[in-house]
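Everything in the sequence shown is counted per my numbering, starting at 9 for the first residue and increasing by one.
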Amino acid sequence: MAIAPELEWLGRPEVSLPHPEITYIGCARCGTQIAGLDGRYACAGCGWVNDWSEGHSPLPETDRPA
Numbered sequence: 009m010a011i012a013p014e015l016e017w018l019g020r021p022e023v024s025l026p027h028p029e030i031t032y033i034g035c036a037r038c039g040t041q042i043a044g045l046d047g048r049y050a051c052a053g054c055g056w057v058n059d060w061s062e063g064h065s066p067l068p069e070t071d072r073p074a
């Protein structure tokens, strides 16, 4: 069964990125257990965030100019 031409997607193919891992840590400021993605955290209780460079993997790059 063929796909109708108007239903075909003509954009560039999506890049397959690895799925982020949900990780947990005690907040460095207030001790609340918080969840993050790949070692990057933000506490909703007190506002603490860890630096992006402390994550478990590099952040994905973008094709947009800086």
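Don't be surprised by glycine CBs; every beta carbon is placed ideally from N, CA and C. Predicted model only: the values in this text are computed from it and were never measured.
- If you look at Y49, you'll find it isn't in any beta strand (DSSP E); DSSP assigns it neither H nor E.
- A straight line joining the alpha-carbon of E69 with that of E62 spans about 17 Å.
- Straight-line spacing of the CA atoms in A50 and P66 works out to 17 Å.
- Spatial neighbours of G44 in its own chain (CB-CB distance under 6 Å, excluding positions within 5 residues in sequence) are listed in chain order as T31.
- Linking N58 to G47 through their CA atoms gives a straight-line distance of about 9 Å.
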